[in-house]
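Engineer: Mind looking over this structure? Questions follow.
2 protein chains.
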Amino acid sequence: MAHDPIHLGRNNCATCAIRHRAVCGALADEELKELGAIGRMRQFKAGDIILADEEPTTFFANIVSGVIKLEKTSADGRQQIVGLVFPPDFLGRAFAKSNPYFAQAATDVEACTYPHTAFENMLKKHSGLEHRLFENTLNELDAAREWMFVLGRKSAQEKVASFLHLIAKRQSMVGCSHGHAENEPSGASRFDLPLTRADIADFLGLTIETVSRQLSNLKRQGTIQLLSGREVFVPNVDRLASLASGDDEAVA
Amino acid sequence: MAHDPIHLGRNNCATCAIRHRAVCGALADEELKELGAIGRMRQFKAGDIILADEEPTTFFANIVSGVIKLEKTSADGRQQIVGLVFPPDFLGRAFAKSNPYFAQAATDVEACTYPHTAFENMLKKHSGLEHRLFENTLNELDAAREWMFVLGRKSAQEKVASFLHLIAKRQSMVGCSHGHAENEPSGASRFDLPLTRADIADFLGLTIETVSRQLSNLKRQGTIQLLSGREVFVPNVDRLASLASGDDEAVA
DNA sequence: GTGAAGTACTGATAAAGATCAATATAATGC
DNA sequence: GCATTATATTGATCTTTATCAGTACTTCAC
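Chains as they are written, first to last, in my numbering: chain D, -19 to 232; chain H, -19 to 232.
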């Protein structure tokens, strides 16, 4: 926990936890060496701004650990989280002059960063890498559209249940080193919430109070247990999934 | 208006209205001939289902005229439009077994369609084409996230104003054959709504009634005029844009 | 430990939007 | 043309969620 502050120096791809699941998985050993040469492992603390809105792009990154929130803010201060970046996701908007959103560390984060121009040159040179990033982007687009349904059509309870279900899925993926994990956890699940109540509200298009009330409801029902404020235990993930899609009926 | 029913036979890329703005714009004449050989112009009538949810992908398409809505539906019948496809946009989810949403013609549509496998082979062969589609996808992702803010954080009036502003922007792009149009119309604008009130509601996460009331409000204020039910005249697009972002204040 | 700041929960009330219901307008078929 | 159906508007009422307000719990500094 008490590491060197920001830069951790050159990273060792061979021992990297996300070697095969991140975009770099597209590269053969030779090419990987080339990419590794421009990569630099960095650490961010919860709350650090990683990419600023409207600012010129300076780097891209693969997330190794932690969670980053992508946020839009309007002139009058309203906020909406438009994406969460988990390991082994890629951070950054390729081929744009500036970044279309704020990227802020939701938790402490470790990321393998690549300088803007050098990385885009790699993309041009290795079409396999670009292809992998393209597939990544298509998945992100699918996820964003999935979330549009949550934002536009779900009730507060369904929204909160959807969020918990999402975290349960992603957290259980972390640590699983092979495959893209269609492995829905269907039994029990336990995880730490990577977001504050305010963040959850901004992700779901709700207020803090409503999030808090819905969490209390889910707790009262027995759908979840709140161990501390951040630690959640879900005895039956299927049940949570049902609530997330509105197939509730018959709740204590 | 009274055309041959569906197939219009081989298309002529040379005279195509969207030749340079669509993804095919990435190709040189030689390659374009190759793509043209697998393309087939088709017409759809308003309401036709173009791609069905969960069904295997059978074709992709470039939209030449008209508007297509991308829709998600839940088991209990709730609907959310997660994207609108205008000319010269690309329709279809590359590299996936099945389509993640419904695609339905909102208006009559003309589209240049490409068979699934043949098109994906073109992508593999011509990395320039893939790159262009990638850039396209990145723009779609930006737009989806932009819309997440609308869905999560805007009021009903702001949502309806945002929708009208979006249509004003896209409709004025149609017919403009060069460039990607950062050309915000800032004076007056006149267009036909490509969506019914029910569609607009599904796009904005509202009910039909609320959409109707907000349109009536905007009309009462003088921000818009409703000529027929579908024809809209906006005397001052900037004013509409202000309402869309909540910088209202002082309305008659 | 104590105090202070940040974070989270709960209650009372207000407001925005949904729902229910009726009517009006437009499009379509015969 | 008229009847029928789909689409759109408007009003009355109810529900959900936001807002306002107060309190409790955590974390951190000292």
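No residue lacks a Cβ here, since even glycine has one placed at the ideal position from N, Cα and C.
When the Cα of residue 85(D) is compared with those of 140(D), 179(D) and 225(D), which residue comes out closest?
Structural biologist: That would be 179(D), whose Cα lies nearest to the Cα of residue 85(D).
Engineer: Have a look at 121(H), 25(H), 3(H) and 69(H) and flag the residue whose alpha-carbon is nearest the alpha-carbon of residue 16(H).
Structural biologist: Per the Cα distances, 3(H).
Engineer: Distance cutoff 8 angstroms, beta carbons only. Does residue 84(H) sit that close to anything in chain D?
Structural biologist: Closer than 8 angstroms: no.
Engineer: Using DSSP bridges, identify the partner residues of residue 94(D).
Structural biologist: Note: residue 94(D) sits in a beta bridge opposite 40(D).
Engineer: Tell whether a beta-carbon distance below 8 angstroms holds between residue 79(H) and residue 35(H).
Structural biologist: Yes, the Cβ-Cβ distance between residue 79(H) and residue 35(H) is below 8 angstroms.
Engineer: What would DSSP say about residue 136(H), mapped onto helix, strand or coil?
Structural biologist: Residue 136(H): helix per DSSP, three-state reduction.
Engineer: Quick check on residue 124(H) - is its C-beta less than 8 angstroms from some C-beta in chain D?
Structural biologist: For residue 124(H), the answer is yes, since a Cβ of chain D falls inside 8 angstroms of its Cβ.
Engineer: Quick one: using the 10 Å Cβ neighbour count with 16 as the cut-off for buried, is residue 186(H) buried or exposed?
Structural biologist: Classification of residue 186(H): buried, given that the 10 Å Cβ count is 16 or more.
Engineer: What would DSSP say about residue 51(D), mapped onto helix, strand or coil?
Structural biologist: Residue state, collapsed to three classes: strand.
Engineer: Give, in chain order, every residue of the stretch 30 to 60 of chain D whose Cβ lies closer than 8 angstroms to some Cβ of chain H.
Structural biologist: Within the stretch 30 to 60 of chain D, the qualifying residues are 50, 52, 54, 55, 56, 58, 59 and 60.
Engineer: Report whether the distance from the Cβ of residue 43(D) to the nearest heavy atom of the ligand FMN is below 7 angstroms.
Structural biologist: This structure lacks the ligand FMN; in fact it carries no ligand of any kind.
Engineer: For residue 253(H), which of 175(D), 219(D), 170(D) and 134(D) has the nearest alpha-carbon?
Structural biologist: There is simply no residue 253(H) to check, as chain H begins at -19 and stops at 232 in what is shown.
Engineer: Between residue 223(D) and residue 138(D), which are expected to be in contact by the criterion C-beta below 8 angstroms, what is the C-beta distance as a whole number of angstroms?
Structural biologist: Correct: roughly 7 angstroms between the Cβ atoms.
Engineer: Please confirm whether residue 81(H) has its beta-carbon closer than 8 angstroms to some beta-carbon of chain D.
Structural biologist: Yes, its Cβ sits closer than 8 angstroms to a Cβ of chain D.
Engineer: Could you give the DSSP three-state label for residue 178(D): helix, strand or coil?
Structural biologist: It is helical.
Engineer: Roughly how many whole angstroms lie between the Cα atoms of residue 174(H) and residue 28(D)?
Structural biologist: Those two C-alpha atoms are separated by around 43 angstroms.
Engineer: Determine the closest residue to residue 109(D) out of 207(D), 216(D) and 14(D), with distance taken between C-alpha atoms.
Structural biologist: Among 207(D), 216(D) and 14(D), the Cα nearest to that of residue 109(D) is on 14(D).
Engineer: With 16 as the cutoff for other CB atoms within 10 Å, does residue 149(H) come out buried or exposed?
Structural biologist: With 16 or more other Cβ atoms within 10 Å, it is buried.
Engineer: Using a C-beta to C-beta distance shorter than 8 angstroms, which residues of chain D count as neighbours of residue 120(H)?
Structural biologist: Here the neighbours are 121.
Engineer: Nearest chain D C-beta to residue 109(H) closer than 8 angstroms, yes or no?
Structural biologist: Output row for residue 109(H): interface = no.
Engineer: Checking the sheet assignment: what are the DSSP bridge partners for residue 169(H)?
Structural biologist: Paired residues: 214(H).
Engineer: Please check the pair residue 30(D) and residue 18(D), which I expect to be a contact at CB under 8 angstroms, by giving their CB distance rounded to whole angstroms.
Structural biologist: Not really, about 18 angstroms apart at Cβ, beyond 8 angstroms.
Engineer: Can you list, in chain order, the residues of its chain with a C-beta nearer than 8 angstroms to that of residue 124(H)? Leave out the 5 residues immediately preceding and following it.
Structural biologist: Once the five neighbours on either side are set aside, the close Cβ partners of residue 124(H) are 62 and 63.
Engineer: With a threshold of 16 other CB atoms inside 10 Å of the CB of residue 212(D), please say whether the residue is buried or exposed.
Structural biologist: By the neighbour-count rule (16 or more Cβ atoms within 10 Å), residue 212(D) is buried.
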